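Peer 1: The working numbering numbers the first residue of the sequence shown as 20 and each following residue consecutively.
Ideal Cβ positions, reconstructed from N, Cα and C, are used throughout, including at glycine.
For clarity, every value in this text was computed on a predicted model and none was experimentally measured.
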Amino acid sequence: MFLAPVHALPDPSCNTLIVSGNPEYPPLLWRDQERPGYLIGAVPALLKEITEPLGVNVEVKDTGSWARVQRMARQGDIDMVAGAFITSERIGYMDYLLPPITHLPTAVWVPKGREFVYRHWPDLVGKRGSTLINNSFGQNFDRYAEQNLLIEGVRSIEQSFQMALVDRVDYVLYEVLQGEVKLEYLGIADQFVPLPTPVSREGLFFTFSKAAPCNSFELRERLAERLYELVNSGRVEELIRRYKAMYSASS
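Here it is in structure tokens:
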């Protein structure tokens, strides 16, 4: 199907969208060592396949921590976020593109030999956890965790895993896919296991900042149409396999 370029954007500067995302998210997103200041991974690659046929360029920049990316989206300092779960707070300042890019289960990661029985959220009560600052694992779990769990937010997931190794925390909350590749990259994959039951399984979405001048209904609709085609064709899974291999090879 031929897709004509998008011409009716709010202003000419919107032919290039400034995008950012979680830099601690391989193989979906991570810092590009060959191009400092930019992010690479399966999600930036997918976004470029969505936008290029529409005549729209994207620059997927490394703007800092995941918490900072979210602040920039709230303020309209970036146009898009390349990968976010849905929460009621984020819906207040971001427009979500449907369908989700993929669905990601989040695991309770523990050092080998320190496994405990985990079947549902109350089993984490009284234990010490860690994850990235401002990370979300779904609206329901986030609400439960805020009211009942002890989870320390840190700037890098490597720090969370190191804290677990020295027994400063009992577990690390992190997605299964990202945890596998990050631990392999760090050379400590044989020292951690994910407990069998995930804490959540959430859709990951492209979003537009509501405060960004380039956010228009027409552009969102065109991008969503192309996203739908690629998701249904299995392209996302192909890109995840490719970039998982690429990240592993860089270790």
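1) Which same chain residues end up closer than 7 Å to Q210 when comparing Cβ atoms and leaving out the 5 residues on each side of it in sequence?
2) Across which residues does DSSP place G253 in a beta bridge pair?
3) So, does the stretch 96–113 touch the stretch 166–175, judging by three or more C-beta pairs under 8 Å?
4) Run through DSSP, which three-state label would A101 get?
5) Grab the span of the beta strand (DSSP E) containing P130 for me, first residue to last.
6) Check L168 in the structure and name its three-state DSSP category.
7) What does DSSP give as the partner residues of Y57 in its beta bridges?
8) Please go through the stretch 187–229 and give each complete beta strand (DSSP E) segment of 3 or more residues, from N-terminal end onward.
9) Helix, strand or coil for S149, going by three-state DSSP, please let me know.
10) Helix, strand or coil, according to DSSP, for A27 in the structure here?
11) To the nearest whole angstrom, what separates the beta carbons of L47 and G102, a pair I think is in contact under 8 Å?
12) Ignore the nearest five residues each way along the sequence and tell me which others in D142's own chain have a CB closer than 7 Å to its CB.
13) Excluding the five sequence neighbours on either side, which residues of its own chain have a C-beta within less than 6 Å of the C-beta of A64, listed in chain order?
14) Assign F236 to one of two classes, buried (16 or more other C-beta atoms within 10 Å of its C-beta) or exposed (fewer than that).
15) Please tell me whether P124 and E194 are closer than 9 Å, where the distance is taken between their beta carbons.
16) Which class does S175 belong to by DSSP, given the choice of helix, strand or coil?
17) If you check the beta carbons only, do Q89 and N159 fall under 9 Å apart?
18) Can the beta-carbon of V218 be found closer than 9 Å to that of V144?
19) Going by the DSSP bridge assignment, what does E43 pair with across the sheet?
20) If we ignore side chains and look at the alpha-carbon of each, how far apart do A264 and F225 end up?
21) Counting only the same chain and skipping the five closest in sequence on each side, list residues whose C-beta sits under 7 Å from that of V200.
22) Consult DSSP for V185 and reduce its assignment to one of helix, strand or coil.
23) In angstroms, rounded to a whole number, what distance separates the CA positions of L249 and M113?
Peer 2: Reading from the atomic positions:
1) Closer than 7 Å at the Cβ level, and outside the excluded window around Q210, lie P130, K131, L184.
2) Paired residues: none, contrary to the question.
3) When C-beta atoms of the stretch 96–113 are compared with those of the stretch 166–175, fewer than three pairs fall below 8 Å, so the two segments do not count as touching.
4) strand
5) Annotation for P130: the continuous beta strand (DSSP E) segment containing it runs 121–130.
6) coil
7) K80
8) 190–194, 211–213, 219–228
9) strand
10) Confidence at A27 is low in this model, with a pLDDT of 43, below 50, so the placement of that residue is unreliable and no value is reported for it.
11) 6 Å
12) V136
13) L258
14) exposed
15) Cβ atoms of P124 and E194: closer than 9 Å.
16) coil
17) no
18) no
19) DSSP output for E43 lists W49 as bridge partner(s).
20) 23 Å
21) P45, P46, K263, Y266, S267
22) Look at V185 here: in three-state DSSP terms it is coil, with no helix or strand label.
23) 22 Å
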